[in-house]
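Have a look at the structure below, then the notes.
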Amino acid sequence: MTMPILGKHLRYLSAGAAMAAFVICAGPSFAATPADTLVEGFAIDDIISLDPGEAFELSAAEVTGNSYSLLVRLNLDDTTQVTGDIADSWTISDDGLTYTFKLKPGLKFASGNPLTAEDVAFSVERLIKMDKSPAFLFGQFGLTGDNVTDKAKAIDASTFALTVDKPYATSFVLNVLSSTAGAVLDKKLVLEHAKAVTPSDEYKWDTDFGNDWLKTNSAGSGPFKVVTWKANEAVVLERNDDYFGTPASLKRVIYRHMKESTGQRLALENGDIDIARNLEPGDLDAVAANADLAAISAPKGTVYYISLNQKNPNLAKPEVIQAFKYLVDYDAIGATLIKGIGDIHQSFLPKGQLGAIDDKPYKFDVAKAKELLAKAGLADGFAVTMDTRNIQPITGIAENFQQTLGEAGVKLEIIPGDGKQTLTKYRARQHDMYIGQWGSDYFDPNSNADTFTANPDNSDEGKTKTLAWRNAWDPKELDAKTKAALLEKDTAKRGAMYEDLQRKVLESGPFVVIFQQIEVAAYSAKLKGFRLGPSYDTNLVAPISK
Amino acid sequence: MTAIEASKPARRRRARGLAVNFGRFAIMLATTVLGLLAVTFFIGRVVPIDPVLAIVGDRAPAAVVERVREQMGFNLPLWQQFVVYLRQALTGDFGVSVLTTNPVMDDILRVFPATLELATVGTLIGAGLGVPLGVVAAVRRGSIADQIARVIGLIGYSVPIFWLALLSLLLFYAKLKWVAYPGRLDVAYEYTFTPITGLYLVDAAWTRQWDVLWDAFRHIILPGALLGYFSLAYISRMTRSFMLNELGQEYVVAARAKGLSEGRIVWFHALRNAAVPLVTVIALSYAGLLEGAVLTETVFSWPGIGLYITNSLQNADMNAVLGGTIVIGSVFIAINLFSDLLYRLLDPRTRAR
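Chains A and B, in that order, give the protein sequences. Counting in our numbering, the final residue of the first sequence is number 1392, and the numbers go up one at a time with none missing. Counting in our numbering, the final residue of the second sequence is number 355, and the numbers go up one at a time with none missing.
Here it is as structure tokens:
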């Protein structure tokens, strides 16, 4: 007697379920992005600001790179050179201190305001005065809040002059100017949105230079302008119809925050996004098998390395440093763990930068390593720890290294940790070994040399926490050589000096460089003109059409 | 007559009891919130992460690091930092998030509706299907239906939701193309539609934008159904055991003897009594979903509070973590209070006392 009544209820239930299913499938679902809009699936949770005077994150650099113009830009066909962006031409004074830029005629910002040398001078002034993370780039030229208005100024409406404190290598100065910190901002627009600030000991100025507003807006003259940024959701760009160069073919670009590789791949296959930016090897294989999709890759300015803290007496022995370089199974790591995301690379300068070498003197060789360890008096091996960020491919490489070290009798203990946690320990020099990455701050060899081979004060109180300092490594004469290379006028000679520095570090530096990151993106084969640049700020979207 | 006379002091006694109850509740609330604040604050400060590093990044020069440390007050003794924080928090100022640079309260008001909407859909599905399933399993104990319900519950409870999410995405989105992905709306709508409450389904219906409503529905249904399945698993198991307990009671036998139909006994008498503890189960499951299902939010690119807090935690953005924890804690307390009220409504005995 229970049955029929329960049966009735079940019938209602299943009828309801069937109706729900019907409703779901009834809808049309031809997923496609709008024809005038480019949609990218991209992990953009690293963005903290879109103000070029503040932003220092990779995804933010891509946004500012597309929405602002610079004086000079990296030449994407020969990345050891720069070409003029808003600068038509430039001259350098005989003493090598003053750079004078002549601007192209008739330039305009996205707001419609004319772009003059006054705006360029203002942009440098606010960068230095705000003194946020990217300010040090121009600070390298000896610019300070007190002298910047004298050192970076407009001579007339179309002439801008920058005076640096030392006769630096021309290539260095121009490369720094090509970074997003050199973005030219619309002075009038920015000041309209500036907020008053009460000056204090830490911050001497009475304005925020529009920083608050620029975090989520743009005031540039690039091919696009920022419409909105919603943290962890999306960045929306719209075409700047007043752009002085070749106008973008698409009206709108949307970077949609998507963290998960498989999700990105599915959305790409279904046509809900046009470009997937964070695919893992498995999903890249699926893309390769799909005729409607294509993949593209470009080496980026980031190298991954293992470093040996010289405070540890065992790790300070030159034979141990050498032995460890023989104990990385480069081939196996290259073929599996970093397949599609990196290329084996052993020198500290990323390929593409001036002077970068591609020497690979080290091969996985246990016998050789054992011999070296015996010479160091450690024939029976020893125990050592490595702080390891729990993220791939770092963890995988650490585990692989643990095993290959074991073959030579060295017992490696991996200490897993969150990124900020391992970094905090690293910066306090409390690690034995550390595995991490270093990305160039600007596309010049000095960016990496200044951290791998510079260490002016190796004491615990040292203020300049370069990578050499963090590993308590005194690079001795290399420190002076790094400084000399910065002043070398002859670009070819300068390149040779960096080659020499890299070879010295390869031979005896406590850094086991393993690979250089390559960025891979998969995209709908319908897209034309899509290309990845050597850095995130040169991942240009303007040439893309559908 | 005498009964009415006696009820006056009784009412007064009850009113006094209510005031005492309320006072006790207020004290409990205050200590809970204070405890929550203190524990989160100190955990946030003892983690071996330099908060300044989170703000300025790895590359900042030493001078900038020192300046920011002073600005943020990180060089003060810990208890002083706590007092400063407490004073701000009491005025509703949870500080500014390092990651998004917005006031934490603004951020939470932006991300919380997304989670609220998803959790509500999830709970509606979970309770709507879980309760009947549990009842059926209890009534037909040991039958095939019971076994099926058990397997469904077991799978829902033991399979990692992350895996299930990817699998369902593969099936319903990539292969069958029934649902939409990623996020809460299609790109075409996302930047033309202005939300009012932040609950897209409600907003779209309110403004009569039926195409947006449909699109929002197609986006929410899959993550909602997944969370629903997850809570269904729990709710159906609990319903089954509550129902088994009720069906063994004497009043059920009495009702049967009286000749009531079995359907009436099960769905009106037994379920009504089982509903009292069931409300707590559903409320707790709802509160659990409101904390933000981090993995589901990650897979579906759902900009909810779980994702927000996890991301903040990983980046040592302590203001955001603290603000988020307090909001979630308050929601938890509010839901508990609400289920207490429902108790009174469902169980007349609790009303008298």
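Glycine residues also receive a C-beta, built at the ideal position from the N, C-alpha and C atoms.
In angstroms with no decimal places, state the Cα-to-Cα distance between residue i and residue j.
| i | j | result |
| --- | --- | --- |
| E822 of chain A | D213 of chain B | Only positions 847 to 1392 of chain A appear in the structure, and residue 822 of chain A is not among them; the question remains open. |
| I307 of chain B | A116 of chain B | 8 Å |
| N1292 of chain A | T1328 of chain A | 8 Å |
| K260 of chain B | P350 of chain B | 24 Å |
| P79 of chain B | L131 of chain B | 53 Å |
| D1189 of chain A | D1052 of chain A | 49 Å |
| T848 of chain A | W269 of chain B | Confidence at T848 of chain A is low in this model, with a pLDDT of 38, below 50, so its placement is unreliable and the value that follows should be read with caution. Looking at the two C-alpha atoms, the distance is approximately 12 Å. |
| K997 of chain A | A1007 of chain A | 8 Å |
| A372 of chain B | S1153 of chain A | Past the edges of chain B, shown from 3 to 355, lies residue 372 of chain B, and the structure says nothing about it. |
| P1389 of chain A | H221 of chain B | 32 Å |
| A866 of chain A | V138 of chain B | Residue confidence for A866 of chain A is low, a pLDDT of 49 falling below 50, so the modelled location carries little weight and cannot support an answer. |
| L246 of chain B | V141 of chain B | 8 Å |
| Y345 of chain B | L203 of chain B | 30 Å |
| Y945 of chain A | S1025 of chain A | 17 Å |
| K1209 of chain A | A1094 of chain A | 47 Å |
| K948 of chain A | L297 of chain B | 53 Å |
| G1028 of chain A | R71 of chain B | 27 Å |
| A21 of chain B | R14 of chain B | 11 Å |
| I1100 of chain A | W208 of chain B | 27 Å |
| P850 of chain A | E264 of chain B | In this predicted model, P850 of chain A has a pLDDT of only 41, less than 50, meaning its place in the structure is not dependable enough to derive any value. |
| G46 of chain B | Y310 of chain B | 16 Å |
| F27 of chain B | A40 of chain B | 20 Å |
| P1069 of chain A | S957 of chain A | 12 Å |
| A1181 of chain A | N1246 of chain A | 13 Å |
Along chain A, which residues have their Cβ under 7 Å away from the Cβ of residue i?
| i | result |
| --- | --- |
| D52 of chain B | T1270 |
| R69 of chain B | E1048 |
| N313 of chain B | D891, N1078 |
| L55 of chain B | K1266, L1269, T1270 |
So which residues on chain A does residue i lean against when the C-beta distance must stay under 8 Å?
| i | result |
| --- | --- |
| P115 of chain B | Under the 8 Å cutoff, chain A gives no residues; its nearest Cβ is about 13 Å from P115 of chain B. |
| E72 of chain B | E1048 |
What are the residues that DSSP puts in a beta bridge with residue i?
| i | result |
| --- | --- |
| R1102 of chain A | A:G887, A:A1080 |
| E1365 of chain A | A:A1144 |
| T937 of chain A | A:T946 |
| A1295 of chain A | Paired residues: none, contrary to the question. |
| I1121 of chain A | A:E886, A:Y1369 |
| S1391 of chain A | A:K1374 |
| V1359 of chain A | A:Y1151 |
Interface residues of chain A around residue i at Cβ under 9 Å?
| i | result |
| --- | --- |
| V301 of chain B | K1105, E1106, T1108, G1109 |
| V100 of chain B | I894 |
| T298 of chain B | Those do not exist, as T298 of chain B stays about 11 Å from chain A at its closest Cβ, beyond 9 Å. |
Residues of chain B with a CB under 9 Å from the CB of residue i: which are they?
| i | result |
| --- | --- |
| R1102 of chain A | P184, G185, V189, E192, S303 |
Would you mind telling me which residues of chain B sit closer than 8 Å to residue i, beta carbon to beta carbon, in chain order?
| i | result |
| --- | --- |
| D1264 of chain A | I51, Q316 |
| V885 of chain A | V189 |
| L818 of chain A | Beyond the ends of chain A as shown, which are 847 and 1392, falls residue 818 of chain A; an answer cannot be given. |
Going by the CB atoms, is the gap between residue j and residue i shorter than 8 Å?
| i | j | result |
| --- | --- | --- |
| F1298 of chain A | V1256 of chain A | no |
| N104 of chain B | V113 of chain B | no |
| T1250 of chain A | L1130 of chain A | no |
| F1194 of chain A | V1351 of chain A | yes |
| V885 of chain A | V301 of chain B | no |
| A1134 of chain A | E1334 of chain A | no |
| P197 of chain B | T1270 of chain A | no |
| E971 of chain A | V994 of chain A | yes |
| F1357 of chain A | Y1151 of chain A | yes |
| P880 of chain A | D941 of chain A | no |
| G1198 of chain A | G1285 of chain A | no |
| A235 of chain B | G144 of chain B | no |
| Y1369 of chain A | R1316 of chain A | no |
Which bits of chain B does residue i rub up against, with CB to CB less than 7 Å?
| i | result |
| --- | --- |
| E1115 of chain A | A176 |
| V1082 of chain A | Y193 |
| Q1267 of chain A | P50, I51 |
Ordered list of beta strand (DSSP E) runs contained in the segment 1138–1225 of chain A, each at least 3 residues
Restricted to the segment 1138–1225 of chain A, the beta strand (DSSP E) segments that are unbroken, complete and at least 3 residues in length are 1139–1154, 1188–1190, listed in chain order.
Q | Complete runs of the beta strand (DSSP E) confined to the segment 1246–1292 of chain A [at least 3 residues] | A | As summarised for the segment 1246–1292 of chain A, the continuous beta strand (DSSP E) elements at least 3 residues long and confined to that stretch are 1257–1263, 1279–1285, given in chain order.
In chain order, which alpha helix (DSSP H) runs of at least 4 residues are fully inside the segment 16–60 of chain B? Here the runs fully enclosed are 53–58.
Worksheet item: Which full runs of the alpha helix (DSSP H) of 4+ residues lie inside the segment 255–285 of chain B, going along the chain?
Response: Runs of the alpha helix (DSSP H) inside the segment 255–285 of chain B: none found.
With a floor of 3 residues, list each beta strand (DSSP E) that falls wholly inside the segment 952–1040 of chain A, ordered by position along the chain.
The segment 952–1040 of chain A contains, as complete beta strand (DSSP E) runs of 3+ residues, the segments 998–1002, 1005–1009 (chain order).
Restricting to runs no shorter than 3 residues, where is the beta strand (DSSP E) found entirely within the segment 127–196 of chain B? List check, beta strand (DSSP E) in window: nothing returned.
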